[in-house]
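FYI, the working numbering numbers position 114 of the sequence shown as 188, with every residue one higher than the one before it. Okay, so here's the structure we're looking at.
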Amino acid sequence: MMNATDPSFEAAVPVHLTLNGIPVTAEVAPNAILLDVLRDRLGLTGTKKGCDHGQCGACTVHLDGRAINACLRLAVMCEGQAITTIEGLAQEGRLHPVQQAFLDHDAFQCGYCSPGQIMSAVALLADPRVPGDVGSVREAMSGNLCRCGAYQNILAAIQDARLRLQGQEGDEA
């Protein structure tokens, strides 16, 4: 049991962030990992714990719009930043186009990697530096592992979502 007189005890510190569009303050240990804070302290269990080493992509979230592995980031490093998890993608009761494309293309089997796959796909589709060809998309998604081997369906879903998103942009013009 740890207590304040234990030399390994570190007092909790407040971390202020915007989580899925909502301002949040969480009291966390200075060494608390963002993934654990999201799941265990804030109850957002959609972000999955896979390898805990940044190699599988199951814990992918967006930090200020950029995809990161939540298992490699200390929560205190996120002070003042905006985090989007899989729970924050749907808007006004409608799935994000990538989420809908994953459903339409049956781009998951067990579904464990799906939140990380979807979060990475959303980020790559928003990045104008990533070309739309199959090879570039595969390369951009290489940090996300699927043990079931649903890669073909995942790739089809991402390419379909690209078209859906381009259609939305055309609708706004």
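Ideal Cβ placement from N, Cα and C applies to all residues, glycine included. From a predicted model like this one, the values you see are computed outputs, not experimental measurements.
Alpha-carbon to alpha-carbon, T158 and P189 | About 12 Å.
Could you tell me if A149 is buried or exposed, where buried requires 16 or more neighbouring beta carbons within 10 angstroms of its beta carbon?
-> Buried, by the Cβ-count rule.
Assign N105 to one of two classes, buried (16 or more other C-beta atoms within 10 Å of its C-beta) or exposed (fewer than that).
-> Around the beta carbon of N105, a 10 Å sphere encloses fewer than 16 other beta carbons of the protein chains shown; the residue is thus reported as exposed.
Keeping to the same chain, check which residues put their C-beta closer than 6 Å to that of M75; ignore five residues upstream and five downstream.
-> Residue confidence for M75 is low, a pLDDT of 46 falling below 50, so the modelled location carries little weight and cannot support an answer.
Just how far apart, CA to CA, sit G139 and M193?
-> Approximately 10 Å between the Cα atoms of the pair.
In angstroms, rounded to a whole number, what distance separates the CA positions of L146 and L116?
-> The alpha-carbon atoms of L146 and L116 are separated by roughly 18 Å.
Is it true that the CB of I228 sits closer than 8 Å to the CB of P181?
-> The question names Pro, but residue 181 in the sequence shown is Ala. Their beta carbons are under 8 Å apart, which means A181 touches I228 by this criterion.
Would you report the Cα separation of A230 and N218, rounded to the nearest angstrom?
-> Their Cα atoms are separated by approximately 15 Å.
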